[in-house]
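Chains F and G, in that order, are what the protein sequence lines are.
Residue 1 is where the first sequence starts when you use the working numbering, and the numbers rise one by one after that.
Residue 1001 is where the second sequence starts when you use the working numbering, and the numbers rise one by one after that.
The structure under discussion appears below in the form of structure tokens.
2 protein chains.
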Amino acid sequence: MDYPFLRACRGERVSPVPVWLMRQAGRYLPEYREVRGKDDFLTLCKTPELAAEVTIQPIDILGVDAAILFSDILIPLEPMGMGLSFSEGKGPILEPAVRDEKDVETLGGIDPDSDVPFVLETIRILRQELEGRVPLIGFSGAPFTLATYMVEGGSSKSFMHTKRMMYAAPRLFRELMAKITGVTKSYLEAQIRAGAQAVQIFDTWAGILGREDYREHVLPFVQEIVAHLKQAPDIPEVPVIYFILNGGHLLWEARESRADVIGLDWRTPIADAVKALGKDVVFQGNLDPCALFLSEERLKERISSILEQGRGAKAHIFNLGHGILPEIPPDKAKLMVSLVHELSA
Amino acid sequence: MDYPFLRACRGERVSPVPVWLMRQAGRYLPEYREVRGKDDFLTLCKTPELAAEVTIQPIDILGVDAAILFSDILIPLEPMGMGLSFSEGKGPILEPAVRDEKDVETLGGIDPDSDVPFVLETIRILRQELEGRVPLIGFSGAPFTLATYMVEGGSSKSFMHTKRMMYAAPRLFRELMAKITGVTKSYLEAQIRAGAQAVQIFDTWAGILGREDYREHVLPFVQEIVAHLKQAPDIPEVPVIYFILNGGHLLWEARESRADVIGLDWRTPIADAVKALGKDVVFQGNLDPCALFLSEERLKERISSILEQGRGAKAHIFNLGHGILPEIPPDKAKLMVSLVHELSA
């Protein structure tokens, strides 16, 4: 366990500061586009050799300090009983949308070994191929974020259907959250058994909720997952990262999840988070993904400022505040990684 | 000037607390749908008699304490030289998208009297019809929010094109912001001359920016508009409300705009805003629009809590934290208004 990334997750200040990028394996890399070729996104996720290959690309190309499994947070929803497809430009489609009691009832649990064997196989291949280089991060969506896709039937702007269920049928919503939580627990546990050395829980949409609603409808389920991963017998204890996009108003709550690392987006300065939560918290983040369009000079200033703020925390892992965009020139991402290393050495 | 809403804008504690709803004239009202009939949205905006009629509907139906001009923030972009259309379900389309120097250069200023006479005529009709009942709020989009629509060519999720211009071509972006600011100044000034008794500046998308970017690229332009409205000769001095959606991390900045009232969405508890900015600020907000799906009992609890927090501020105007949704039953909106009045009497 002496990978710098894992040491930082455990609360150790590491120099240089470890760095990886959300969606670091992705369309901005020509090498990724070449592997994907004519395959659709889901085929790539479900073909272990290819998924492993694109997972490794940014390690070679950018020099990041961790690999993250190439997959999608929506993968476990298919074996739960939902139709899943991706239409170019329109985002994911989940059908039929989960709206009433009957819809929730028909959703099943999953057995990761038989339902998502390709994910576990990808992890096993990666552990062999990465050994001695960088650690491997597994991941899942958080229950609320997955619930939004299931209830809306895909992406949304207002999340009206999700909030309507939460407000008008709170018991049904809780039942749905409990089902997703059960799936997420076994899914992440299976990833850890297969070899994931850390896991990140992505709560991309929890930031749409006010604090009161988050505490009532979301936090208990995230806590249940984190506690499960920390207590489950026979699995190695690995660091858990919890990332809420747009969660500046939910800092205390993120902390109460008891995850080891709190991910921040670019709207919450690390210095503010340190001020709010104290110096005993490990933060991950938080360059605006679009800041990779800045000139080299101004990019350097931004990175320096984030690193400086990170020095106030217990430990810091550098990352973007959200996934890297397809339009970013790979050289700029590479420059970012080397600037982080250089400026924090 | 003894309308409760205007007194609260000026910092006076008013009982009962005045209340209105963003998008209170809109699709959730059957009466609105009837007036609109087969006309498209833009035709309705551009026909003063009809726009005035739907503006007044919620005053009669809900009993709110202010009317807000029925219009759209994108209206002034058409006379600036952009094609504007609304496709049902897909949102607005602005074309051609503003991407380079040439695009910015071709954008013109506007003369409200000749370019948007229908807006001013709607205001004049409304002032006659509303006199003695409730005051009339005019409005505009804030420059950054308008810039996102112009640069993206419509709505967006990542706002990549806008941020790319801001980061990669900051001078060009500033030029664009300056042009929009000039238009917004004369547009709001014309509304006030025509009779608007308060104005709200909607910064729906500024919340996507970190504080540093907001301060550099957005705040100076908002300040310029507010200062202009306060100093312009020969127009009555009216209260200015500045609303940033998702702006919990920009509270200090919102205050620095020098607007009279700061609008909050449901993610920023008024109590937190009071704690951050002190007791000398007037706040407007901030019930989650989806909370209108709650049971009456729980809705009442939410409203009580918001009113209680509002009592800590210099003054409070009750509102939703964003526009009312088309799916809300009008009776629930009506219930909300009467609960606000009843609980704060």
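All C-beta atoms, glycine included, are put in the ideal place defined by N, C-alpha and C.
Under three-state DSSP, which class holds residue i?
i         : result
F:Gly141  : strand
G:Pro1092 : strand
F:Phe5    : helix
F:Ala154  : Looking at the sequence itself, residue 154 of chain F is Gly, so the reference to Ala does not match. It is a strand residue.
G:Ile1075 : coil
G:Phe1159 : coil
F:Leu29   : coil
G:Ala1196 : coil
G:Val1226 : helix
F:Gln284  : strand
F:Leu188  : helix
G:Asp963  : Nothing can be reported for residue 963 of chain G: it is not among the residues displayed for chain G, which extend from 1001 to 1345.
F:Ile303  : helix
G:Val1064 : coil
G:Gly1108 : coil
F:Asp245  : First, the residue type needs correcting, since residue 245 of chain F is Leu and not Asp in the sequence shown. Of the three classes helix, strand and coil, the one that applies to F:Leu245 here is coil, per DSSP.
F:His217  : helix
G:Val1098 : coil
Take residue i as the anchor and find which of the options has the nearest alpha-carbon.
i         : options                                       : result
G:Gln1197 : G:Gly1285, G:Gly1138 and G:Asn1286            : G:Gly1138
F:Ala276  : F:Asn286, F:Leu50, F:Arg255 and F:Val238      : F:Arg255
F:Tyr360  : F:Ser71, F:Val54 and F:Thr162                 : With chain F running from 1 to 345 in the structure shown, residue 360 of chain F is simply not present.
F:Ile235  : F:Glu189, F:Tyr167, F:Thr145 and F:Ala142     : F:Glu189
F:Met150  : F:Ile317, F:Ala232 and F:Val104               : F:Val104
G:Ile1201 : G:Leu1209, G:Gly1210, G:Gln1191 and G:Ile1208 : G:Gln1191
G:Pro1117 : G:Ala1051, G:Met1165, G:Gln1223 and G:Thr1162 : G:Ala1051
F:Ile317  : F:Ser158, F:Val64 and F:Gly26                 : F:Val64
F:Glu12   : F:Arg311, F:Pro96, F:Gly154 and F:Gln223      : F:Arg311
F:Val282  : F:Leu294, F:Asn319 and F:Ser295               : F:Asn319
G:Leu1021 : G:Leu1264, G:Ser1295 and G:Glu1342            : G:Leu1264
F:Ala8    : F:His228, F:Asp280, F:Arg211 and F:Gln231     : F:Asp280
G:Leu1229 : G:Lys1102, G:Val1199 and G:Asp1002            : G:Val1199
F:Gly285  : F:Gly247, F:Leu294 and F:Gly154               : F:Gly247
G:Tyr1167 : F:Met160, F:Leu287, F:Ile75 and F:Ile93       : F:Leu287
F:Gly210  : G:Pro1076, G:Pro1092, G:Glu1224 and G:His1322 : G:His1322
G:Ile1123 : G:Thr1043, G:Ala1194, G:Arg1023 and G:Ser1257 : G:Ala1194
So, at 6 Å on beta carbons, what are the nonlocal neighbours of residue i in its own chain, with the 5 sequence-adjacent residues on each side left out?
i         : result
F:Ile328  : Tyr28 and Leu292
G:Leu1006 : Pro1135
G:Leu1325 : Pro1289
G:Phe1221 : Pro1143, Met1177 and Thr1181
G:Phe1041 : Phe1086
F:Val274  : Gly312 and Ala313
F:Glu393  : Residue 393 of chain F lies beyond the stretch modelled for chain F, which goes from 1 to 345, so this question has no answer here.
Beta-carbon within less than 8 Å of residue i's beta-carbon, same chain only, minus the 5 sequence neighbours each way: which residues are those?
i         : result
F:Ser186  : Gly109, Ile110, Asp111 and Pro112
F:Leu130  : Ile56, Ile59, Ala67 and Leu136
G:Ala1345 : Ser1015 and Pro1016
G:Met1165 : Arg1099, Val1151, Leu1172, Phe1173 and Leu1176
F:Leu339  : Leu299, Lys300 and Ile303
G:Pro1330 : Tyr1028, Leu1029, Pro1030, Ile1061 and Leu1062
F:Gly81   : Thr106, Leu107 and Gly108
F:Glu342  : Pro16
Could you tell me if residue i is buried or exposed, where buried requires 16 or more neighbouring beta carbons within 10 angstroms of its beta carbon?
i         : result
F:Ser15   : exposed
G:Lys1090 : exposed
G:Arg1171 : exposed
G:Ser1114 : exposed
F:Asp100  : exposed
F:Pro350  : Examination of residue 350 of chain F is not possible in this model, given that chain F is present from 1 through 345 alone.
F:Gly83   : exposed
G:Gly1037 : exposed
G:Lys1046 : buried
G:Gly1278 : exposed
G:Glu1140 : Note that residue 1140 of chain G is Ser in the sequence shown, not Glu. Buried: at least 16 other Cβ atoms inside 10 Å.
F:Arg267  : buried
G:Thr1106 : exposed
F:Ser71   : buried
F:Pro96   : exposed
F:Lys102  : exposed
G:Thr1204 : buried
Who are the Cβ neighbours of residue i in its own chain at under 7 Å, not counting the five residues just before and after it?
i         : result
G:Tyr1214 : Ala1206, Leu1250 and Glu1253
F:Thr162  : Ala147, Thr148, Val151 and Glu152
G:Asp1272 : none
F:Pro269  : Gln309
Measure from the C-beta of residue i to each C-beta in chain A and report whether the shortest distance is under 9 Å.
i        : result
F:Ile201 : The structure shown contains no chain A; its protein chains are F and G.
I'd like to know if the stretch 1298-1305 of chain G and the stretch 1335-1343 of chain G are in contact, where contact means that at least 3 CB-CB pairs between them fall below 8 Å. yes
Determine contact between the stretch 301-315 of chain F and the stretch 236-253 of chain F, defined as no fewer than three beta-carbon pairs at a distance below 8 Å. no
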